[in-house]
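Participant: Going by our numbering, the first residue of the sequence shown is number 16, and it counts up by one from there. All residues carry an ideal CB built from backbone N, CA and C; glycine is no exception. None of the values given here were measured: they were computed from a predicted structure.
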Amino acid sequence: MSTNPMALMWGPGFIGFIIATALYGIVFGQYLFYLRWFPQDSRKSRLFIAMVFCLETIQEYALIGLYWSIFISCRRSMSLECTAQLPWQMLASPF
16 MSTNPMALMW GPGFIGFIIA TALYGIVFGQ YLFYLRWFPQ DSRKSRLFIA
66 MVFCLETIQE YALIGLYWSI FISCRRSMSL ECTAQLPWQM LASPF
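Quick look at the structure:
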């Protein structure tokens, strides 16, 4: 029985992506709850929470783009861009 090397390489990361997307949904709900029920908080506090939410949204967008390019755009493609180059989302992840 042979194993699919693509499944071994990207499978655990994809499971983590599914979990991260579910947790992002929870973060989105918490952010809406915060905006609705705590309008009296200081401007500094609201700005900080909005900034954290925006950074989380950018990170989720990058994850979606990464897995889109790996599983959808480059599926069964042997082009140089798909086989040799890393997606920009992976290069930007340390920042």
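For the alpha helix (DSSP H) containing Ser60, name the first residue and the last one.
Facilitator: Where Ser60 is concerned, the enclosing alpha helix (DSSP H) stretches over 58-83.
Participant: In angstroms with no decimal places, state the Cα-to-Cα distance between Leu38 and Lys59.
Facilitator: Distance between the alpha carbons of Leu38 and Lys59: 25 Å.
Participant: Just to confirm before moving on: does the CB-CB distance between Glu75 and Thr36 stay below 8 Å?
Facilitator: Yes, Cβ-Cβ distance for Glu75 and Thr36 is below 8 Å.
Participant: Are there 16 or more other CB atoms within 10 angstroms of the CB of Leu62, so buried, or fewer, so exposed?
Facilitator: Looking at its Cβ environment, which holds fewer than 16 other Cβ atoms inside 10 Å, Leu62 is exposed.
Participant: Report all residues from its chain with a CB closer than 6 Å to the CB of Tyr82; omit the five preceding and five following residues, and keep chain order.
Facilitator: Answer for Tyr82: Phe32, listed in chain order.
Participant: Under a three-way DSSP split, which group does Phe29 fall into?
Facilitator: If DSSP states are grouped into helix, strand and coil, Phe29 belongs with the helices.
Participant: Rounded to whole angstroms, what is the Cα-Cα separation between Cys89 and Phe29?
Facilitator: Each residue's alpha carbon lies about 16 Å from the other.
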